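Number of protein chains: 2
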Amino acid sequence: MTLVDEVRAAIGAERLIEDQDVQASYASDEAEWAPAGKPLLVVRPRTSAEVQEVVRACLRHRVPLVPRGAGTGLSGGANAIDGCVVLSTEQMTRIVEIDPVERLAVVQPGVVNDHLRAACAEYGLWYPPDPASAPWSTIGGNVATNAGGLCCVKYGVTRDYVLELEVVTGTGELVRLGRRTAKGVAGYDLAGLIVGSEGTLGVVTEVTVRLRPLREPERTVAGYFDSIVAAGEAVRAVGAAGVVPSALELVDRHCLAAVDAWKNMGLSVDANVVLLGRSDAPGPAGDAEAATMLACFDGAGATWAAVSTDADEAEALFAARRLAYPALERLGPVLTEDVCVPKAAVPEMLGRIEAVAARNDVLIANIAHAGDGNLHPLIITPVGDAAARGRAQVAFDQILSDALELGGTVTGEHGVGLLKRGGLSRELSPAVQAMHRAVKSALDPAGILNPGKVLPTAAEALQP
Amino acid sequence: MTLVDEVRAAIGAERLIEDQDVQASYASDEAEWAPAGKPLLVVRPRTSAEVQEVVRACLRHRVPLVPRGAGTGLSGGANAIDGCVVLSTEQMTRIVEIDPVERLAVVQPGVVNDHLRAACAEYGLWYPPDPASAPWSTIGGNVATNAGGLCCVKYGVTRDYVLELEVVTGTGELVRLGRRTAKGVAGYDLAGLIVGSEGTLGVVTEVTVRLRPLREPERTVAGYFDSIVAAGEAVRAVGAAGVVPSALELVDRHCLAAVDAWKNMGLSVDANVVLLGRSDAPGPAGDAEAATMLACFDGAGATWAAVSTDADEAEALFAARRLAYPALERLGPVLTEDVCVPKAAVPEMLGRIEAVAARNDVLIANIAHAGDGNLHPLIITPVGDAAARGRAQVAFDQILSDALELGGTVTGEHGVGLLKRGGLSRELSPAVQAMHRAVKSALDPAGILNPGKVLPTAAEALQP
Numbered sequence: 001m002t003l004v005d006e007v008r009a010a011i012g013a014e015r016l017i018e019d020q021d022v023q024a025s026y027a028s029d030e031a032e033w034a035p036a037g038k039p040l041l042v043v044r045p046r047t048s049a050e051v052q053e054v055v056r057a058c059l060r061h062r063v064p065l066v067p068r069g070a071g072t073g074l075s076g077g078a079n080a081i082d083g084c085v086v087l088s089t090e091q092m093t094r095i096v097e098i099d100p101v102e103r104l105a106v107v108q109p110g111v112v113n114d115h116l117r118a119a120c121a122e123y124g125l126w127y128p129p130d131p132a133s134a135p136w137s138t139i140g141g142n143v144a145t146n147a148g149g150l151c152c153v154k155y156g157v158t159r160d161y162v163l164e165l166e167v168v169t170g171t172g173e174l175v176r177l178g179r180r181t182a183k184g185v186a187g188y189d190l191a192g193l194i195v196g197s198e199g200t201l202g203v204v205t206e207v208t209v210r211l212r213p214l215r216e217p218e219r220t221v222a223g224y225f226d227s228i229v230a231a232g233e234a235v236r237a238v239g240a241a242g243v244v245p246s247a248l249e250l251v252d253r254h255c256l257a258a259v260d261a262w263k264n265m266g267l268s269v270d271a272n273v274v275l276l277g278r279s280d281a282p283g284p285a286g287d288a289e290a291a292t293m294l295a296c297f298d299g300a301g302a303t304w305a306a307v308s309t310d311a312d313e314a315e316a317l318f319a320a321r322r323l324a325y326p327a328l329e330r331l332g333p334v335l336t337e338d339v340c341v342p343k344a345a346v347p348e349m350l351g352r353i354e355a356v357a358a359r360n361d362v363l364i365a366n367i368a369h370a371g372d373g374n375l376h377p378l379i380i381t382p383v384g385d386a387a388a389r390g391r392a393q394v395a396f397d398q399i400l401s402d403a404l405e406l407g408g409t410v411t412g413e414h415g416v417g418l419l420k421r422g423g424l425s426r427e428l429s430p431a432v433q434a435m436h437r438a439v440k441s442a443l444d445p446a447g448i449l450n451p452g453k454v455l456p457t458a459a460e461a462l463q464p
Numbered sequence: 001m002t003l004v005d006e007v008r009a010a011i012g013a014e015r016l017i018e019d020q021d022v023q024a025s026y027a028s029d030e031a032e033w034a035p036a037g038k039p040l041l042v043v044r045p046r047t048s049a050e051v052q053e054v055v056r057a058c059l060r061h062r063v064p065l066v067p068r069g070a071g072t073g074l075s076g077g078a079n080a081i082d083g084c085v086v087l088s089t090e091q092m093t094r095i096v097e098i099d100p101v102e103r104l105a106v107v108q109p110g111v112v113n114d115h116l117r118a119a120c121a122e123y124g125l126w127y128p129p130d131p132a133s134a135p136w137s138t139i140g141g142n143v144a145t146n147a148g149g150l151c152c153v154k155y156g157v158t159r160d161y162v163l164e165l166e167v168v169t170g171t172g173e174l175v176r177l178g179r180r181t182a183k184g185v186a187g188y189d190l191a192g193l194i195v196g197s198e199g200t201l202g203v204v205t206e207v208t209v210r211l212r213p214l215r216e217p218e219r220t221v222a223g224y225f226d227s228i229v230a231a232g233e234a235v236r237a238v239g240a241a242g243v244v245p246s247a248l249e250l251v252d253r254h255c256l257a258a259v260d261a262w263k264n265m266g267l268s269v270d271a272n273v274v275l276l277g278r279s280d281a282p283g284p285a286g287d288a289e290a291a292t293m294l295a296c297f298d299g300a301g302a303t304w305a306a307v308s309t310d311a312d313e314a315e316a317l318f319a320a321r322r323l324a325y326p327a328l329e330r331l332g333p334v335l336t337e338d339v340c341v342p343k344a345a346v347p348e349m350l351g352r353i354e355a356v357a358a359r360n361d362v363l364i365a366n367i368a369h370a371g372d373g374n375l376h377p378l379i380i381t382p383v384g385d386a387a388a389r390g391r392a393q394v395a396f397d398q399i400l401s402d403a404l405e406l407g408g409t410v411t412g413e414h415g416v417g418l419l420k421r422g423g424l425s426r427e428l429s430p431a432v433q434a435m436h437r438a439v440k441s442a443l444d445p446a447g448i449l450n451p452g453k454v455l456p457t458a459a460e461a462l463q464p
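Just so you know, the sequences run in chain order Y and C. Here the first sequence is numbered in full-length UniProt numbering, starting from 1 and rising by one per residue. Here the second sequence is numbered in full-length UniProt numbering, starting from 1 and rising by one per residue.
Written out as structure tokens, the structure reads:
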């Protein structure tokens, strides 16, 4: 039997997408610059057992398997490989359990991040990781990339919340890794190893996450700045003042203008750069944190800054922040950076990004989880301008070099996928790359799990 | 050349302990029940390069290497193997860097936990993980076991604070894993994999940890209970009330009596079981949390309970908690459990432990990080009583079974070492054990790194 026949027999024709036009819509994520192949088959299993059947069929036929959540990834990690099986988790959307005493939730991987958050809120609980894609991206995809978000400057990233994973391994076994208890050291942290491995070490079929009690409402401090470097100085000042904000986001004039052009929010009239800080410390401690942030904004030369007393107004500012990326995508293909640098290096890095843009004559917009040094310079080129694309690629590599030079990393939260493979080969020493290959071979001996992602190719590994 | 000659030539005779009597004091940790072998050599390197020399010599001669911190481990993970090299980090005690803006510290592995905490406090910073062994245990040992502690019910365990590790690998390479930035997803989480691997995947030579701002002083809520199950009910009530205490510790009458016998603190007169809760929430929020905990204690039938307004009095209670283990060790060989169960199962598990003690006619004392379900039943036998030892071993296994039955784990924070290997084989499925072996082989292909620890032997793996 062919692989397609085997899979159809095992999980049913209604789980398969065999139409090539429909398949095409599952062939790539939102990393517009990353290449995507043509899948042999797209499957949409509903149960862990069905996922296991698909993995086992791929093993028997030595066909690559590419797992896929909502396809909101920004590094090409979910892009199809020619002749592969794309496994979409979009029909695995069940919230299996929310336990208010243990403060945990068990979900299938296709549950959308915001849906989980809403379900937890009914129990007075909170799932913190909040990538800007939260209205669309899935918990499984968040696990695969170890997604961050706005509040992780204070509350950490996806890995900090994953207690247990059910996974189909590279050898076709269905296993549970991790634990449901608050603590546990029984063996290696294989659950943590799977988190952020972008589908290359196993296919996640169920996720148990830790929850926190719902927070009190946050206070918002907004600041307008004339220059992005001045905003960066404000970020550094907040860090030096000992405040741990619950969010500290930067949005530059390109993003504000794009959001205005789309949603007519009138933001770009007043500000070149907006910095949004938040505190969720309870009572007077929160007032004090907000006041400290305000003083930091003013001290760094804000043209206007205030603690917002209007929840709607504050929410509108954060909505603009979340809309920045889709707004920019409307202008042309976006090449997305995701560097993360030490907090003290934020002003320097923002200055270097401006210099890269000028040097290469490309438009670079900036949104940033500035409080943790995670910057998203977004390189935008006119549709169909091949020369600009070439310059953008040069700018992209220069930004990676600048980040590494300042002690940073090439990817803070989006993952390596295809776009950062070259960067990974520059960030990690050859010995560490060899460790990665050894672990990959150990857990996926047949090499069927999302091959070609994350690990640099031989040519990339030879880069200086 | 012999291995000893090679190591002496490479790092200098003054780093070697060749006297067999002195070597004996490096042959075991505090797991009195675990077997220990006789080392060939003990080395005390001072630099990462010296560690690398030792590992490479072991590789050339295929001699096992057993890394060792302060030897406060409770599972036998640092116990010598016949003919091995014991590598003590006791001379690697340098605090390399404390960076108040990035909020991180870089230390050699032999730095004592409390020393790091004190050094951080001078910068207004705090290193949270606080195992009861903090006055003696080292950061390297804490990393090897993924140590927990009193405050991890709110602040997490060692792995949550490790940003970057310098490691000598099983192939003798000196590598850096992880990152210094607040976030980063460049490749697999190999730093997290090394944490808790008990020296079986690499030898840690430098640790970069995340720090937090110093906290405000904590409020302490003390409660006395007639029965341990009632105290367990109070713990469950605190969890159900939505409070996240900054500590929630249980000490039973056996521990109180042992501390009194040693330090004459007069604790055992008033209480059968003491429960100690803490809140470090700022201002009125902290008052509210303390009041809620007090109500939970009273509701569960505390014979006396109060919010302490006296810092010295509160500190004395916590000192008694920390002294409980050494106080009990004075009474006879202690077989230490470290089970962790779901919070809701704490009363049931405490009841089962009492039943196990009665059934097997052994003394079981209890200290517990009760707030996260991490219980330390301590089985104590008279010196030289072989029959009692046999009954203790049966009781030990029954407690593991009970914990697993209630959805728990055999080790919450002490690690597997030698004592929990059998338990691990019952907790993890054969497929997950196979994944462990694959990862071990991938990263330590010669099998020289602390062999025989953590992974069940073939016989243990066959247990039901």
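Ideal Cβ placement from N, Cα and C applies to all residues, glycine included. Please read these numbers as outputs of a predicted model, since none were measured by experiment.
Burial state of residue i, where buried means 16 or more other Cβ atoms lie within 10 Å
{"i": "Y:Met-1", "result": "exposed"}
{"i": "Y:Asp-361", "result": "exposed"}
{"i": "Y:Gly-239", "result": "buried"}
Opening and closing residue of the alpha helix (DSSP H) in which residue i lies
{"i": "Y:Leu-378", "result": "Taken as a continuous stretch (DSSP letters only), Y:Leu-378 belongs to no alpha helix (DSSP H), being part of the beta strand (DSSP E) at 374-380."}
{"i": "residue 472 of chain C", "result": "Residue coverage of chain C in this structure runs from 1 to 464, which leaves residue 472 of chain C outside it and unanswerable."}
{"i": "Y:Gly-202", "result": "No alpha helix (DSSP H) contains Y:Gly-202, which is instead part of the beta strand (DSSP E) from 202-210."}
{"i": "C:Arg-426", "result": "421-427"}
Cα-Cα separation between residue i and residue j, rounded to whole angstroms
{"i": "C:Ala-431", "j": "C:Gly-407", "result": "19 Å"}
{"i": "C:Leu-455", "j": "C:Leu-424", "result": "8 Å"}
{"i": "Y:Pro-445", "j": "Y:Arg-68", "result": "21 Å"}
{"i": "C:Cys-120", "j": "C:Arg-210", "result": "11 Å"}
{"i": "C:Val-162", "j": "C:Gly-384", "result": "42 Å"}
{"i": "Y:Lys-440", "j": "C:Leu-428", "result": "21 Å"}
{"i": "C:Ala-80", "j": "Y:Ala-231", "result": "56 Å"}
Neighbour flag for residue i against chain C, beta carbons, 7 Å
{"i": "Y:Pro-430", "result": "no"}
{"i": "Y:Lys-154", "result": "no"}
{"i": "Y:Arg-179", "result": "yes"}
{"i": "Y:Leu-404", "result": "no"}
{"i": "Y:Val-346", "result": "no"}
{"i": "Y:Lys-183", "result": "yes"}
{"i": "Y:Ser-137", "result": "no"}
{"i": "Y:Lys-453", "result": "no"}
Element boundaries [beta strand (DSSP E), containing residue i]
{"i": "C:Ser-227", "result": "That residue, C:Ser-227, is in no beta strand (DSSP E); it is neither H nor E in DSSP."}
{"i": "C:Ser-279", "result": "273-279"}
{"i": "Y:Pro-67", "result": "65-68"}
CB contact check: residue i to chain Y, cutoff 7 Å
{"i": "C:His-436", "result": "yes"}
{"i": "C:Lys-343", "result": "yes"}
{"i": "C:Cys-255", "result": "no"}
{"i": "residue 469 of chain C", "result": "Nothing can be reported for residue 469 of chain C, as the shown portion of chain C is limited to 1 through 464."}
{"i": "C:Asn-146", "result": "yes"}
{"i": "C:Cys-340", "result": "yes"}
{"i": "C:Glu-413", "result": "yes"}
{"i": "C:Val-162", "result": "no"}
{"i": "C:Val-203", "result": "no"}
Same chain, Cβ closer than 6 Å to residue i, five either side skipped, listed in chain order
{"i": "C:Gly-298", "result": "Checking the displayed sequence, the identity of residue 298 of chain C turns out to be Asp instead of Gly. Closer than 6 Å at the Cβ level, and outside the excluded window around C:Asp-298, lie Ala-305."}
{"i": "C:Leu-16", "result": "Arg-8 and Val-43"}
{"i": "C:Ala-10", "result": "Glu-53"}
{"i": "C:Glu-32", "result": "Pro-333"}
{"i": "Y:Pro-451", "result": "Pro-64"}
Own chain partners of residue i with C-beta closer than 8 Å, once the 5 adjacent residues on each side are dropped
{"i": "C:Asp-312", "result": "none"}
Check: residue i C-beta below 6 Å from any heavy atom of the ligand NAD
{"i": "C:Leu-174", "result": "By its list of ligands, the structure shown contains no ligand whatsoever, and the ligand NAD lies outside what it can speak to."}
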